[in-house]
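Below: the structure, in C-alpha cells.
Numbering (my numbering), first residue to last: 35 to 315.
Take a look at the structure:
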C-alpha cells in the first residue's frame, strides 16, 4: 500500500534552503548553449504543448496542496519537498498543513490499474475531464500519465484584466471574449515505478513538477528539446538534464507571473524574454 507524504509550505519553513537551491541551481543547469530567440521560442512552445495562440493557458488558481505516494516514504518526502520548492520558486501559492490535496503524484507498480482504481473511486480530476481528454492522457508514450481538470473561470471578482496588469511589450491589451481564464481545479501525475530506477529523485521531482503545475506535453527523443528540458527525461534519458533547465523554469515562472487572462502567445513570448534573462546571468 502506498504511503503518502503531504507537505504544505507552512510546515516546510525549515526547507527554505531547498527552495533556494531549486531557484539558484537552475542557473547552473545545463540547457545547452544559448539558443537563438527563434529556437528558444520553439522549445518553449513545445514544452507548453504547442497551445492555441489566442487562448489562456491553464493555471492552478487555488493554492497548491500536494500529496506524493510511493512505496518508499523517504523517497516520497524528498520528491514532495522538491516539488514544493519548485512551486515556491515559480510563485505558486500553497496551502497549510491538513489541507485536502488538489495535486497528487504517485509512483505506481501498475499505473493503469492505479488509474482505473482512481476512476472507480470517483476522483474529481476524472469527473471534470471528458472521455476524450482522459483517452489522450492514457495514450502517451512516456511511462507517466498526466491528468489536469481545467474549467473556464468566469467569476466576476476577477475584475478587468487591463486594470489589473501591465505586461509590458508582451501584453497586447486586446479585449476579447477569448480571454476567459482556464482554472486548473486538480492535477494528477501517475508514473510507472518500474521506469524510475535510473533517475535521481531530483530529476523525477522536477519532471513531475512541470507536468503537475503547467500545461505540457511529451518531448520527442529526436526533437529539438531533447537534452534541453527535463521533459525529455524518459524519451532521451542519456541526454536528459540533471534537473529543470533555465528554459523549463522560465516557462513555469512566467505562467504564474502573467495574469490568468493572458493569451498563451503572450505567456510564451514573456517566457522567451525570461529565459534570455536567465541565460545572461
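All residues carry an ideal CB built from backbone N, CA and C; glycine is no exception.
According to DSSP, residues forming a beta bridge with residue i
| i | result |
| --- | --- |
| residue 93 | 217 |
| residue 186 | 216 |
| residue 179 | 224 |
| residue 297 | 90 |
Length of the line joining the Cα atoms of residue i and residue j
| i | j | result |
| --- | --- | --- |
| residue 223 | residue 211 | 31 Å |
| residue 269 | residue 260 | 8 Å |
| residue 168 | residue 150 | 11 Å |
| residue 272 | residue 244 | 20 Å |
| residue 241 | residue 267 | 7 Å |
| residue 120 | residue 309 | 16 Å |
| residue 123 | residue 286 | 9 Å |
| residue 213 | residue 290 | 16 Å |
| residue 98 | residue 218 | 11 Å |
| residue 154 | residue 187 | 27 Å |
| residue 83 | residue 252 | 8 Å |
| residue 281 | residue 131 | 31 Å |
| residue 247 | residue 297 | 17 Å |
| residue 157 | residue 125 | 27 Å |
| residue 307 | residue 284 | 8 Å |
| residue 234 | residue 127 | 26 Å |
| residue 72 | residue 79 | 10 Å |
| residue 185 | residue 77 | 26 Å |
| residue 312 | residue 110 | 30 Å |
Host alpha helix (DSSP H) of residue i (start-end)
| i | result |
| --- | --- |
| residue 235 | 235-247 |
| residue 76 | 71-81 |
| residue 172 | 165-172 |
| residue 270 | Element bounds for residue 270: n/a, residue is neither H nor E. |
| residue 282 | 280-291 |
| residue 161 | 158-161 |
Inset, instruction - Run through the region 88-153 for me and flag every whole alpha helix (DSSP H) of 4 or more residues, listed as ranges in chain order. - result: 107-123
Inset, instruction - Please confirm if the region 84-96 is in contact with the region 288-304, defined as three or more CB-CB distances below 8 Å between the two stretches. - result: yes
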